[in-house]
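Undergrad:
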Amino acid sequence: MNDEIKKTSEIPPEQLSLKSRFQFKCHKGVKCFTDCCRGIDIMLTPYDILTMRKKLDLTSEEFLAVFTQPQILEKADMPVVTLKLLDDDRKSCPFVEDGEGCVIYEDRPTTCRYYPLGVGSLSYSGEQGKKDEFFFTVKEAHCLGFEEDHEWTVADWRQDQGVNLRDEVNDGWLELMVRKKSLPSNMKLSEESKKMFFMICYNIDKFREFVFKSSFLTRYEIAAGKIEEIKADDIKLLQFGFEWLKATFFQAAKEGFTIKQ
Ligand code: SF4
Ligand code: SF4
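Residue numbering for the sequence shown follows our numbering, beginning at 40 and increasing consecutively.
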């Protein structure tokens, strides 16, 4: 997850691998239960939005309007969305209930799943498909979970928290941001391009409309099987969108997007 926007009071410099061990346990019995669900910045990934709006039975547009705040990720100069907190004394997450915890636990965002781990990337490894990432623990003063007697490897924690599939789906989104960040700072995306990025990554219903109700499919040679696949499945549609953005912004998509003659 993005480490730039996450509020951290202490990030030890130690870089962890999948095999590294750390001591931690979070449960309803800890004194700090739900403290971490207040006053936080939680960046939402495209996959988070797919699952959360489904859980809440909202369109992606409704979900964005009610639960999110648009932001610009400074270093990449790309639009992102964060969870909109309540306007109460503690700036609570809208999904936290005292004593109960997270009311959307099964569909909680990726950042909440990773916590107390953060993810960083050493470099962009381009088309080789290698992920040059590392992990670190985010030790916040109020979090007593580190005093609990339970040890994990990073790999076990990821498995337990169900982040593997999420990371797989979100990879295309992260790659777009890392590619953009690695461009010289004078190479800017137009406002129109940023709007397109926002729609594809965060407003899947609007993107579906764009693909199936505009002239999009008459402009590109796209296999009939692919059209059926993206029609039936939001995740496939999202990944198709990432590839199209890569082709359009960076001429670097795995799939061809040949314009019809
Ligand atoms: S602050 Fe730490 S231990 Fe306390 S509820 Fe949050 S994650 Fe769990
Ligand atoms: S989504 Fe759930 S886990 Fe995440 S901050 Fe809100 S209440 Fe806590």
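Positions of the beta carbon are idealized from the N, C-alpha and C atoms, including for glycine.
Tell me whether residue 139 is buried or exposed, calling it buried when 16 or more other Cβ atoms sit within 10 Å of its Cβ.
TA: Result: exposed.
Undergrad: Pairing CB atoms from the stretch 119-133 with CB atoms from the stretch 73-81, are three or more of them under 8 Å?
TA: The stretch 119-133 is in contact with the stretch 73-81.
Undergrad: I'd like the ranges of any alpha helix (DSSP H) spanning at least 4 consecutive residues and lying wholly in the stretch 109-185.
TA: Complete alpha helix (DSSP H) runs here, min 4: 149-153.
Undergrad: Residues around ligand 1, please: the ones whose beta-carbon is closer than 5 Å to some heavy atom of it, in chain order.
TA: Selection output, chain order preserved: 65, 69, 71, 72, 74, 75, 182 and 184.
Undergrad: Closer than 8 Å to a non-hydrogen atom of ligand 2 - does that hold for the CB of residue 280?
TA: Residue 280: no, Cβ never under 8 Å from ligand 2.
Undergrad: Using three-state DSSP, classify residue 200 as helix, strand or coil.
TA: Here residue 200 sits in helix by DSSP.
Undergrad: For the stretch 115-127 and the stretch 218-226, state whether three or more C-beta atom pairs, one from each stretch, are separated by less than 8 Å.
TA: The stretch 115-127 vs the stretch 218-226: in contact.
Undergrad: Quick one: residues in its chain with C-beta nearer than 6 Å to the C-beta of residue 279, no 5 flanking neighbours on either side, listed in chain order?
TA: The answer, listed in chain order, is 269.
Undergrad: Less than 9 Å between the beta carbons of residue 285 and residue 192, yes or no?
TA: No, Cβ-Cβ distance for residue 285 and residue 192 is not below 9 Å.
Undergrad: Cβ of residue 140 within 8 Å of any heavy atom in ligand 2?
TA: Result yes, Cβ under 8 Å from ligand 2.
Undergrad: State buried or exposed for residue 144, treating a residue as buried only when at least 16 other CB atoms are found within 10 Å of its CB.
TA: Exposed is the call here.
Undergrad: Report yes if the CB atom of residue 83 is closer than 9 Å to the CB atom of residue 124, and no otherwise.
TA: No, the Cβ-Cβ distance between residue 83 and residue 124 is not below 9 Å.
Undergrad: In this structure, how does DSSP classify residue 222 when only helix, strand and coil are distinguished?
TA: Three-state result, residue 222: coil.
Undergrad: Give me the Cα-Cα distance between residue 323 and residue 174, rounded to the nearest whole angstrom.
TA: The first residue shown for the chain is 40 and the last is 300, placing residue 323 beyond what the model contains.
Undergrad: Please confirm whether any heavy atom of ligand 2 lies closer than 8 Å to the CB of residue 148.
TA: Yes, since a heavy atom of ligand 2 falls inside the 8 Å radius drawn around the Cβ of residue 148.
Undergrad: Hey, how far is the Cα of residue 181 from the Cα of residue 85?
TA: Rounded to the nearest angstrom, the two C-alpha atoms are 29 Å apart.
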